[in-house]
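**Student:** First to last, the protein sequences are chains A and B.
Following our numbering, the residues of the first sequence are numbered contiguously, the last one being 229.
Following our numbering, the residues of the second sequence are numbered contiguously, the last one being 1229.
Every residue, glycine too, gets a C-beta built ideally from N, C-alpha and C.
There are 2 protein chains.
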Amino acid sequence: MSRSERLLDLIQCLRRHRRPVSGQALADELGISIRTLYRDIATLQGQGAPIEGEAGLGYVLKPGFMLPPLMFSDEEIEAIVLGSRWVAKQPDQRLSAAATNALAKIAAVLPDDLREDLDASTLLVGPPAKAVEGIDLGLVRQAIRNERKLGFLYRDAGGAASERVVWPFALGFFDKVRVVVAWCEMRQDFRHFRADRIAQLEATDMRYPRRRQALLKEWRATLDKPRGS
Amino acid sequence: MSRSERLLDLIQCLRRHRRPVSGQALADELGISIRTLYRDIATLQGQGAPIEGEAGLGYVLKPGFMLPPLMFSDEEIEAIVLGSRWVAKQPDQRLSAAATNALAKIAAVLPDDLREDLDASTLLVGPPAKAVEGIDLGLVRQAIRNERKLGFLYRDAGGAASERVVWPFALGFFDKVRVVVAWCEMRQDFRHFRADRIAQLEATDMRYPRRRQALLKEWRATLDKPRGS
DNA sequence: TGGCTACTGCCAGAATCTGACAGCAGGCTG
DNA sequence: CAGCCTGCTGTCAGATTCTGGCAGTAGCCA
Chain A
1 MSRSERLLDL IQCLRRHRRP VSGQALADEL GISIRTLYRD IATLQGQGAP
51 IEGEAGLGYV LKPGFMLPPL MFSDEEIEAI VLGSRWVAKQ PDQRLSAAAT
101 NALAKIAAVL PDDLREDLDA STLLVGPPAK AVEGIDLGLV RQAIRNERKL
151 GFLYRDAGGA ASERVVWPFA LGFFDKVRVV VAWCEMRQDF RHFRADRIAQ
201 LEATDMRYPR RRQALLKEWR ATLDKPRGS
Chain B
1001 MSRSERLLDL IQCLRRHRRP VSGQALADEL GISIRTLYRD IATLQGQGAP
1051 IEGEAGLGYV LKPGFMLPPL MFSDEEIEAI VLGSRWVAKQ PDQRLSAAAT
1101 NALAKIAAVL PDDLREDLDA STLLVGPPAK AVEGIDLGLV RQAIRNERKL
1151 GFLYRDAGGA ASERVVWPFA LGFFDKVRVV VAWCEMRQDF RHFRADRIAQ
1201 LEATDMRYPR RRQALLKEWR ATLDKPRGS
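1. To which residues of the same chain is H17/A closer than 6 Å at the C-beta, ignoring the five residues directly before and after it?
2. Between L1008/B and the rest of its own chain, which residues show a CB-CB distance below 8 Å, the 5 nearest in sequence each way excluded?
3. Using 10 angstroms around the beta-carbon of D112/A, count the other beta-carbons present and answer buried if the total reaches 16, otherwise exposed.
4. Sort T1122/B, R1019/B and Q1213/B by Cα distance to R234/A and report the nearest one.
5. For I1077/B, return the contacting residues in chain A, with the cut-off set at a CB-CB distance below 9 Å.
6. Determine, for I80/A, whether the minimum Cβ-Cβ distance to residues of chain B falls below 8 Å.
7. For chain B, find out if any of its Cβ atoms is closer than 8 Å to the Cβ of K105/A; answer yes or no.
8. Taking the alpha helix (DSSP H) that R1045/B belongs to, which residues open and close that run?
9. Can you name the start and end residues of the alpha helix (DSSP H) that G23/A belongs to?
10. For P1168/B, count the other beta carbons within 10 Å of its own beta carbon; 16 or more makes it buried, fewer makes it exposed. Which is it?
11. Give the DSSP-derived three-state secondary structure of Q142/A in the structure shown.
12. In or out: Y208/A buried (at least 16 other Cβ within 10 Å) or exposed?
13. Near I1106/B, which residues of its chain fall below 6 Å by C-beta distance, leaving aside the five closest residues on each side in sequence?
14. Take the Cβ of Q1200/B as the centre, count every other Cβ of all protein chains shown within 10 Å, and call the residue buried at 16 or more, exposed below.
15. CB-CB under 7 Å to S229/A, same chain, minus the five flanking residues each way: which ones, in chain order?
16. Are there 16 or more other CB atoms within 10 angstroms of the CB of I1144/B, so buried, or fewer, so exposed?
17. In the DSSP assignment, find the unbroken beta strand (DSSP E) run with S162/A in it and report its ends.
18. Who does E1076/B pair with in a DSSP beta bridge?
19. So, does the CB of Q93/A fall closer than 8 Å to a CB anywhere in chain B?
20. May I ask which residues mark the beginning and end of the beta strand (DSSP E) holding K89/A?
21. So R210/A and M186/A are in contact, right, with Cβ under 8 Å, and what is the actual spacing, rounded?
22. To the nearest angstrom, how far is it from the Cα of Y38/A to the Cα of G23/A?
23. When the Cβ atoms of the segment 27-46 of chain A are set against those of the segment 1081-1099 of chain B, are three or more pairs found closer than 8 Å?
24. Suppose the cutoff is 7 Å on Cβ atoms and the five residues either side in sequence are ignored; what does the same chain contact list for F1152/B look like?
25. Rounded to whole angstroms, how far is the Cβ of A1079/B from the Cβ of L95/A, which I believe are closer than 8 Å?
26. Can you find a CB in chain A that lies within less than 8 Å of the CB of Q1188/B?
27. Leaving aside the five residues before and after C13/A along the sequence, list all residues of the same chain whose C-beta is less than 8 Å from its C-beta, in chain order.
28. In whole angstroms, what is the alpha-carbon distance linking K1176/B and L1082/B?
29. Tell me which residue opens and which closes the beta strand (DSSP E) that I198/A is part of.
30. Compare the C-beta of Q1024/B against all C-beta atoms of chain A and say whether one is closer than 8 Å.
31. Closest by CA to A157/A, which one among F173/A, A195/A and L150/A?
32. Nearest-angstrom Cα distance between T1100/B and L215/A?
33. From what residue to what residue does the beta strand (DSSP E) around L67/A run?
34. According to DSSP, simplified to helix, strand and coil, what is E1052/B?
35. Between the Cα of R6/A and the Cα atoms of I32/A, P50/A and G58/A, which residue gives the shortest distance?
36. Report yes if the C-beta distance between A1102/B and S1084/B is below 8 Å; otherwise report no.
What follows is the structure in structure tokens.
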């Protein structure tokens, strides 16, 4: 196995073990000596991989992902940049910042001529949707990723407010509003919650008892065969 | 210089020379022997780089770009995927297809757990804007990239139709419409053209006499200090 | 036909990588 | 505190890979 392949393997290994792993264990898994492992880790860190090692514990890969070398056509790059610009204009601050960062990283490695094209912004994105949420959508996305319950106050279309605990599993971006899709404990059914009507959002660390993907699949099925509203 | 760095350099060299370059010239530029160059080219082709070599001519890099290894955080990947999904839903067919392809390429190299997250689509994008253009926006983007004139029939807000020849330099994506930003030869001024009011679009191979970036800069200046409409 | 080029196999020397050992520093446990 | 585990660095001989030169085949063009 060539060295460059092994480096990618190393990252995969670190991704699998979420907890700290000792260098010896990694070396065994890859079939190399501990000394070589240290060298490989140093190489990866030199390339920007966020690997952290602590004496007495082991190595952890901070959440993130290394994209291997990848070919994109001109139009594919344009599509990615345009899309990221759109995301950057969304009111979700964390996601917007992430899009901006990603764009900066891509721009940093583009050859000069392409970067000029992109800096010149021949593809423009319109103004952001106007509805502004008072809540941090980043918390919602985090809850979705980790399958945690969310609590909040919801003001429905009629203006009536109610306290909800829900199992969020998807987030929809529409023209003017963002919508949290979740299983509602109160209604015992799937519900959509417009983000601009959510208040006092509270992230909990209670894991909900279903897998996110299963919920998503069920919810999709209900969309195909709509039942009584 | 390590081998992997040199491989990236090779791509940059090929990008610079748009015309076919002989292997010997490339080898000189990189300071390596011709034999090693052949090996490097073979390696790059093995990694998917679209390099073509023809006997008697030289090497050409088909338009496109190789992204070197790059670290993205979870949120950055989410932002890119969400943005690309949005682009994929746009009515511009070529761009939409490019976004879909880019997503497929990214998904192909993601570790399993992350790919599942993305396949499961916890981030959804609303339905595409409804206004459908009868024209191929791909032609417009191509004209912008190559700085070529465009001819078409335009029906303005009042319903009056006119024949235009314009120098397009930007394309705006708004909530419901796409807008071509260009210098209009008839009006001798900057004009915006809603794509859904354009008919009989004709791409020409006439280069317009200004640089795209200069036009863009001027146009931006007019936005800051609006003159008489 | 001749000239230019891409491309492949081969081989010896150069460069790099690897594994093993030794040693230092920091956290944890008893 | 001592003992243990771990990360991390330096060194060095042997294994591995890379490199450059040479020879030969094949395709394109004039």
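**Tutor:** In this structure, then:
1. Excluding positions up to five away in sequence, the list is empty.
2. Excluding positions up to five away in sequence, the list reads M1066 and P1068.
3. exposed
4. Since the first residue shown for chain A is 1 and the last is 229, residue 234/A is missing from the structure and cannot be characterised.
5. G64, F65, L67, A98 and A102
6. yes
7. yes
8. For the record, residue 1045/B in the displayed sequence is Gln; it is not Arg. It spans I1034 to G1046 - the alpha helix (DSSP H) in which Q1045/B sits, taken as one unbroken run.
9. G23 to L30
10. buried
11. helix
12. buried
13. none
14. exposed
15. Residue placement at S229/A is flagged as unreliable, the pLDDT there being 39, under the threshold of 50; the coordinate-derived value follows with that caveat. Cβ within range, chain order: n/a, list empty.
16. buried
17. A161 to F173
18. As DSSP reads the structure, E1076/B sits in no beta bridge.
19. no
20. No beta strand (DSSP E) holds K89/A; DSSP gives it neither H nor E.
21. About 16 Å separates the two Cβ atoms, so there is no contact after all.
22. Approximately 8 Å, taken between the alpha carbons.
23. Touching, no, given that fewer than three Cβ pairs across the two stretches are closer than 8 Å.
24. Excluding sequence neighbours, F1152/B sits near R1164, I1198, A1199, Q1200, L1201 and E1202.
25. Indeed they touch by this definition, with Cβ atoms about 5 Å apart.
26. no
27. V21, L26, E29 and L30
28. 19 Å
29. I198 to R207
30. no
31. Comparing Cα positions, the closest option is A195/A.
32. 25 Å
33. F65 to L67
34. Reduced to three states, the DSSP call for E1052/B is strand.
35. I32/A
36. yes
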